[in-house]
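According to the working numbering, the residues represented by the sequence shown are 618 to 1316, in order.
Right, one structure below, let's go through it.
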Amino acid sequence: MHLKSLQIINFRKFSRENNIVDFVASSADFSRKKPINSVAASTTLIVGRNNAGKTTVATALNKLINEGSTISGRDFNFNYLGILLKEHRKGITDNLPFLGFNIVVGVDKTRNDLLSNLSPFISIGDVDQSANEIDVSIKVKYEIKEGTQFRDGLKELIDRYSNNEALLFRKFIEFVDKTQFSENYFGSDGTKIKGRFKLSDLIKLKTISAQKATANNGLAATFNKIIKFRHQNATGSDFTSVENSLDSINRDITEKISSEHQSTVNDVLHEIESDKAFSVSLLADLNFEKLLNSLIKYEYSEGELSIPESQFGLGYSNLMHIIGEIIGYVEQFPEEDCQSKINLISIEEPETHMHPQMQELFIKYIDDAVALLLESAKKKINSQLVITTHSSHILNSKIHSSNSFDNINYISTVDGQSCVVKLNDTAVAGNEVFDATKQGTEQEFKQRKLENLTFLKKHIKYKVSELFFSDAVIFVEGVTEETILPYYIEQDDALKKFYISIFNINGAHGQVYYPLVKLLNIPTLVVTDIDIKRSDEEKENFTQVSDLAGRTTTNSTIKLFNRDNDDISQLNSYYESGNLYGVFQLDSTESYFATSFEEAFILTNYQNVITNDILKNLKPRIYKEISDSGSNENYEQIKNYSYKLQKKLSDSKSDFANELLFKLITTEDTAHCPVLPSYINAGLDWLKPRIPKAVKGRS
């Protein structure tokens, strides 16, 4: 039995759309020394930027399972409350505030899961007897107990503060704070469940907050709970021996202090108070809990030195805290609950204080570490792990340990509302449909999609896992663009305040990322080259292109933008599709069409001194041959031979990029710096109004 999904309605930033979080059943048995699968493959990852709604998922689970019907105004989605308030101001009072949660539980008939806790929600007639798994839906609603009283009170509030909307809304929130709610359960058909069912009877939730590990005695507190529990539940000779030892110590200490100090204390007391019937007794009161709290220290070894807990690195303390909390959870887990309850372990932001390598190893090997530590527990507990994180390293490790994008819930915000994007291999591979007229055989098409997905899984580790946390993404296909674009972005007041990731992914490989960035809904700029196809004669003669009529492209990205057509003569606009924008050398520069970024840059800055100095230094012979006119340099010739110059630079692009960046950084007179080609400026202009909206939505 396991939790399959949770739909969150009107709670915090979650509204009524894109609000379903999917969970995966754990296949890792923590009592097994070598688990069947990596925990990364059987762990639900909830990933996103700060304040996107990750913690809200864990909070919702805790409210449902552990807190009951305690509801405050700040538990509600404020947009939702704002709409309700407007309705009531207009006299439309049918709708009242409610919170909704839809839970789907998967019951595995092959595991002999006990169904007693689910019986109110299961109709025998609806169960497919041939299926190995049953899906059971549980709907939970927090509804106002006294609707008439709420409506009357809200009307009075509206009448009193109708002239001040901001104050009225604050008072409305306070009014909801004071309102009583009831927790009601419904079956999949909407029928209200009668009786005393509680979700806590079905689901056991252990929440581990990594932030608690920063105290000097954090590990002591964690492990003391485990030892104390073991002691309280111990029987036999070991338990008797400890208790006898404590009794003996108490007797010895009591006898010692009583004989030496008790009479002295009472003599002084009786000098002041004549009633000798009144006296004090000094007794030793050492017990197991006090022994743990006061006498046991936690240290770690570093060579021959023993280092106290107060000097633990925070990351190491955090890791030990998480492991200790899991051990404590298993130690105290009743054996009889193993098949009658869903067992959830929620770990919030385990990356806190951990360096990148530890973050990656955490998700990859936590099952092995826990299995070794729990071998002595001798309990077969199959818990689901749910991890919330904003660590690109944990995300990386999750993808590579499981070799899949499955079981990742990416949470962003759209128009201020939390939006769940359920990542999986099918969605990331794209929804392109096989077309026999364009894509060869169906087998080749499927193989190509598989290869693209494999490339993405591997490539993302080294390049772009950070795109999940970027304000915007720019894909380029050349080293020059990759090197100098950050400089120009830093000079732009509208762009420099945002986190813009720039990735150099050549040619068709960049297209593999398009389905993913569409899913993530991050503003994405694609900078590509028009790559005009030339004849051998044109290449040999370095022929400039001044007209696109009859011209085709060799660039697969341009073909994609042009509806799989390589004819570029009819291209009259840049490519735009939702959050994706593609720019290229669409217009002529100084009467010529550039075929690459380098050529466009030369044409745009052919009279610029810095540009000419770099060309002269890198290609002195070619530069002299082209530009010399008597004793003076002829910049006009630089324009007329831009294609030849960029071809000669083809083996020196890194040198060109680095020389250019050096000049840009070290030149004090920025007014005389070269400028970007117009098509790239057009792309950056497209980004500028979109990034603040995206970031505001995620804040």
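Here a beta-carbon is modelled for each residue, glycine too, at the ideal position from N, C-alpha and C.
Looking at the backbone, the Cα of residue 1126 and that of residue 1270 are separated by about 20 Å. It is roughly 41 Å from the alpha-carbon of residue 1229 to the alpha-carbon of residue 1075.
Inclusion of residue 1137 and residue 1084 in the CB contact set at 9 Å is warranted, their separation being smaller than that value. Across the structure, residue 675 and residue 761 are spaced so that their CA atoms are roughly 24 Å apart. Counting every other CB atom within 10 Å of its CB across the protein chains shown gives residue 1146 a total of 16 or more, marking it as buried. One alpha carbon belongs to residue 753, the other to residue 804, and they sit about 9 Å apart. The Cβ atoms of residue 680 and residue 717 lie no closer than 9 Å to each other. In terms of CA proximity to residue 640, 624 leads the group 1059, 1061, 624, 632.
A direct Cα-Cα distance of roughly 28 Å separates residue 735 from residue 965.
In the same chain as residue 1206, and ignoring 5 residues on each side of it, the C-beta atoms closer than 8 Å to its own belong to 1217, 1220, 1221, 1294, 1295, in chain order. Considered as a whole, the segment 741–782 harbours 750–761 as its complete beta strand (DSSP E) runs of no fewer than 3 residues, in chain order. Relative to residue 948, the option among 1035, 875, 970, 823 whose CA is nearest is 823. DSSP lists 960 as the beta-bridge partner residues of residue 821.
Residue range 1295–1304 is occupied by the alpha helix (DSSP H) that includes residue 1298. Look at the segment 1091–1178 and you find these whole runs of beta strand (DSSP E), each 3 residues long or longer: 1117–1121, 1141–1144. Residue 722 and residue 622 have their alpha carbons spaced roughly 7 Å apart. With fewer than 16 other CB atoms across the displayed protein chains lying within 10 angstroms of its CB, residue 864 is exposed.
Around the beta carbon of residue 1140, 16 or more other beta carbons sit within 10 angstroms, so the residue counts as buried. Here the C-alpha atom of residue 800 lies approximately 15 Å from the C-alpha atom of residue 627.
Of the candidates 1172, 1265, 1174, 1185, 1265 places its Cα closest to the Cα of residue 1158.
Under the three-state reduction of DSSP output, residue 1223 falls in the coil class, being neither helix nor strand. Rounded to whole angstroms, residue 813 and residue 979 show a C-alpha spacing of 40 Å.
With respect to the C-alpha of residue 1095, the residue from 1274, 620, 792, 631 having the closest C-alpha is 1274. Sequence-distant partners of residue 1010 (beyond 5 residues in either direction) whose C-beta falls short of 6 Å from its own C-beta, in its chain, are 973, 976, 977. Classified as exposed, residue 783 has fewer than 16 neighbouring CB atoms from the shown chains inside 10 Å of its CB. The three-state reading of DSSP puts residue 738 in helix, counting H, G and I together. Excluding five sequence positions before and after residue 1276, the CB atoms of its chain that fall closer than 8 Å to its own CB belong to 1231, 1234, 1235, given in chain order. For residue 701, no beta strand (DSSP E) encloses it; the enclosing alpha helix (DSSP H) starts and ends at 695–706. Secondary structure at residue 1205: coil, using DSSP grouped into helix, strand and coil. Residue 1290 and residue 1046 have their C-alpha atoms some 42 Å from each other. Only exposed fits residue 1071, as fewer than 16 other CB atoms lie within 10 angstroms of its CB. The beta-carbon separation of residue 696 and residue 632, rounded to 7 Å, stays under the 8 Å limit for a contact.
Here residue 817 has 682, 683 as same chain residues with Cβ atoms under 8 Å from its own Cβ, once five neighbours each way along the sequence are excluded. In this chain, the alpha helix (DSSP H) harbouring residue 1254 covers 1252–1257. Per DSSP, the beta-bridge partners of residue 661 are 1003.
Residues 1213, 1215, 1216, 1219 of the same chain have their beta carbon placed closer than 7 Å to that of residue 1263, with the five preceding and five following residues left out of the count.
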